[in-house]
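Presented below is the structure to which this report refers.
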Amino acid sequence: MPSAPAQTNPVKIASEARFDLVSTTVKLTNGAVLTGSGQIQRPNWSGVAEQARAYTASFAVTPFAWNEFAVRFVPLADGVVELKLMGPWEEAATGVPYFQEILWDALEATGTTLTNGGFERMFAAGRNVQGWQGGRSIVLRATPELPAAEGRNYAYAWHNRPVTTALRVTAGTPVTLRVHARASLPPGYEDMRRLTSHDSPAHVAARRFQRGANLGNYLEAPRSQNWGAKYSEADFKAIRAEGFDHVRLPIAWHQYAGPGPDFKLSDEIFSKADFLVTNALNHGLNVLMNIHHFDAFTSDPAAHTNDFYALWRQIARHYAGTPLGVAFELINEPKDKATTVVLNPIYAAAIRHIRDVSPRRTIFVGPGKWNSITELAALKLPDNDDNLIVTVHCYDPFYFTHQGASWTKPATDTKGIIFPGPPPTPLVPAPSVTNNQGVVNWINEYNTQPTAENPSSPRAFRGKLRTAREWSDYYGRPVHVGEFGCYIGADAASRARFYAEFRRALGEARLGWAMWDWKAGFRYWDDTKHQPAAGMREALFPKP
25 MPSAPAQTNP VKIASEARFD LVSTTVKLTN GAVLTGSGQI QRPNWSGVAE QARAYTASFA
85 VTPFAWNEFA VRFVPLADGV VELKLMGPWE EAATGVPYFQ EILWDALEAT GTTLTNGGFE
145 RMFAAGRNVQ GWQGGRSIVL RATPELPAAE GRNYAYAWHN RPVTTALRVT AGTPVTLRVH
205 ARASLPPGYE DMRRLTSHDS PAHVAARRFQ RGANLGNYLE APRSQNWGAK YSEADFKAIR
265 AEGFDHVRLP IAWHQYAGPG PDFKLSDEIF SKADFLVTNA LNHGLNVLMN IHHFDAFTSD
325 PAAHTNDFYA LWRQIARHYA GTPLGVAFEL INEPKDKATT VVLNPIYAAA IRHIRDVSPR
385 RTIFVGPGKW NSITELAALK LPDNDDNLIV TVHCYDPFYF THQGASWTKP ATDTKGIIFP
445 GPPPTPLVPA PSVTNNQGVV NWINEYNTQP TAENPSSPRA FRGKLRTARE WSDYYGRPVH
505 VGEFGCYIGA DAASRARFYA EFRRALGEAR LGWAMWDWKA GFRYWDDTKH QPAAGMREAL
565 FPKP
């Protein structure tokens, strides 16, 4: 795999590639993704006038394969558009971006002329390539370990050192760009060991966690609050009868812990959790329990790592005698300072604590940024443990799935978004988001793009799930989608279509899943009617 040259910015493996399209004179419109897992949108950090003349595109990449991505846009006048190949923007500290280098190759274009898209034609002394500009030498020679996508060369760039070229465009003539990219590895990087067995303890366990439901809005709530959900034995009977094979239990264990250093858990929380675990097992359901909403830990991992370990030592001891159908998930949706890189060694230590008392227990581990699929490239699991399953979450398309949700206001205030788009009548953004250019741009694309290219369509998640599958195949680690779903703020028919398409995409990617949630705000089950919500059974458990 390629290694990045030495430099001073903090280094991180990129999970996304980025390129910008910018013109000083030509307005661009109808930006759309044609191939690959990614998006094309207006650069909302620019002024409104500048945004009309620009797009920024980003897409998932890995360090172990070339990823293809294609977009289309339409210029509204004759002129020149600059194509800037670069890397993602992510700050290590205020104003200091990570060095995340991207390799580029095999670029093609229609509707314009792209010179030397394979970076094969060199100028004298081999310092630069025809048709492209960069701050210094921008080309690397392919090696047997890293062949080019085509030919013998590929270019490299990162956010602060883009590689650029000029595209001459014609008014009204669509331009299609097709690119290939992959992430570069930092110098001296030791990659996670690839497991070759597809019958490891984790793979065997993964077969028990194929179709799950989250029991939300109960034990993840603060101890003093009631979020409205209670569960009885009747729920577990219904969950099993509907066709689910496991339940995921979000639990805020830390809310029931005493002071440090022991962080002793109360009998109350074990009693409540035991009721759920026992009923699930009695009705043939496997169980995945996690630590949920431990915000003190995710905000400052260094200050609360020992508390985190103390919780897992107690949980592991308490459930050491339960069947292996009970699995542990270390932490739900790590965020803020709990980045994937920060968590890797903490995860390894927590796993050792659990293994001391429960050596055969299956453990689920997830990347940072709210268990984002795009963070998989940074996740490093212990090489000597083959009973780990990786968990990821996906709520795309977010403005559809969370419309009307109070905890994501005001970005999700616009209601009436259907799935899939576009709507029969253009939707007007809610007044509270008119100053949020990113949301406004998304709604504009939702109003105008055909279904195959619409941001409120399966395109929003299908590519990401494929990326998770590719990562799983490469490293030999099972991947489970622990959360996905649509809030009841969307209309029932759109919700059903969304769940059906998401379930279909999960099947194509061969990924186990747990939908959010059984009977709370994203409900599968209508507790008042004692039956599935409209269209949900047909969406998740269609007849053959």
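Residue numbers (the numbering used here): 25 to 568.
Even glycine gets a Cβ: it sits at the ideal position worked out from N, Cα and C.
To the nearest angstrom, report how far apart S47 and W549 are at their CA atoms.
51 Å
Examine the Cβ distances between the region 70-89 and the region 37-55 and report whether three or more of them are shorter than 8 Å.
yes
T363: which of R385, P347, H342, A326 sits nearest, CA to CA?
Closest by alpha carbon: A326.
May I ask you to report which of helix, strand or coil DSSP gives H377?
helix
Starting from F560, trace the alpha helix (DSSP H) in both directions and tell me its first and last residue.
The sequence shown places Met at residue 560, rather than the Phe named in the question. For M560, the uninterrupted alpha helix (DSSP H) segment begins and ends at 560-564.
Give me, in chain order, the residues of the same chain whose beta-carbon lies closer than 7 Å to that of E292; leave out the 5 immediate sequence neighbours on both sides.
Y280
Roughly how far, in whole angstroms, is the beta-carbon of V17 from the beta-carbon of L535, given that I think they are within contact range, below 8 Å?
For residue 17 there is no data in the structure shown, the boundaries of the chain being 25 and 568.
Considering only C-alpha positions, which residue in the set I370, L312, F318 is nearest to Y343?
L312
Less than 6 Å between C-beta atoms, sequence neighbours within five positions excluded: which residues of the same chain meet that for F332?
F321
Nearest CA to the CA of M216: which residue from P474, N314, N368, P448?
N368
Do you know how far the Cα of S70 is from the Cα of K51?
14 Å
Tell me whether P29 is buried or exposed, calling it buried when 16 or more other Cβ atoms sit within 10 Å of its Cβ.
Note on P29: pLDDT 48, under 50, position unreliable in the model; the coordinate value appears next. Exposed, since its Cβ has fewer than 16 Cβ neighbours within 10 Å.
Taking the C-alpha atoms as reference points, what is the distance between V95 and T197?
Rounded to the nearest whole angstrom, the CA to CA distance from V95 to T197 is 14 Å.
Residues in its own chain within less than 8 Å of P168 by CB, not counting five upstream and five downstream?
none
Can you tell me which of R272, L243, G111 puts its alpha carbon nearest to the alpha carbon of F318?
L243
Among the residues of its own chain, which have a CB less than 7 Å from the CB of K288, if the five just before and after it don't count?
A281, G282
Would you identify the three-state DSSP class for S221, choosing helix, strand or coil?
coil
Please name the residue in V72, L354, A520, V120 whose C-alpha comes closest to that of R379.
L354
Could you please give me the residues that DSSP links to M539 through a beta bridge?
BP columns for M539 point to A237.
Taking DSSP as the reference, what is the three-state secondary structure of Q555?
DSSP places Q555 in the strand class (E or B) of the three-state scheme.
Bridge partners for V98 per DSSP, in chain order?
T53
Applying the 10 Å Cβ sphere with the 16-neighbour rule, what's the burial state of R165?
exposed
Quick one: grab the DSSP three-state call for I397.
helix
Taking buried to mean at least 16 other C-beta atoms within 10 Å of its own C-beta, is F439 buried or exposed?
Note that residue 439 is Lys in the sequence shown here, rather than Phe. Exposed, because fewer than 16 other Cβ atoms sit within 10 Å of the Cβ of K439.
Is F352 buried or exposed, if buried means 16 or more other CB atoms sit within 10 Å of its CB?
Burial of F352 is indicated by the presence of at least 16 other C-beta atoms within 10 angstroms of its C-beta.
Secondary structure at M25, three-state DSSP: helix, strand or coil?
Low local confidence applies: a pLDDT of 44 at M25 is under 50, so the model's placement there is unreliable, with the coordinate-based value given in what follows. Looking at M25 - three-state DSSP - the assignment turns out to be coil, as it is neither helix nor strand.
So, at 6 Å on beta carbons, what are the nonlocal neighbours of Y511 in its own chain, with the 5 sequence-adjacent residues on each side left out?
H426, A429, G545, F546
Do the CB positions of R232 and N303 come within less than 8 Å of each other?
no
Determine the direct distance from the alpha carbon of A237 to that of Q73, and round the result to whole angstroms.
Strictly speaking, residue 73 in this sequence is Ala, with Gln absent from that position. A73 and A237: Cα-Cα distance of roughly 46 Å.
Decide if W466 is buried, meaning its Cβ has at least 16 other Cβ atoms within 10 Å, or exposed.
buried
From V120, T346, T49, E40, pick the residue whose C-alpha is nearest to that of T86; which is it?
E40
Nearest-angstrom Cα distance between T189 and E507?
Annotation: T189 to E507 spans about 41 Å, alpha carbon to alpha carbon.
Output the boundary residues of the beta strand (DSSP E) element that contains V203.
199-207
Would you mind working out which of T49, E144, M146, I64 sits nearest P99, comparing C-alpha positions?
Among T49, E144, M146, I64, the Cα nearest to that of P99 belongs to T49.
With C-beta atoms as the reference, is L219 less than 8 Å away from A133?
no
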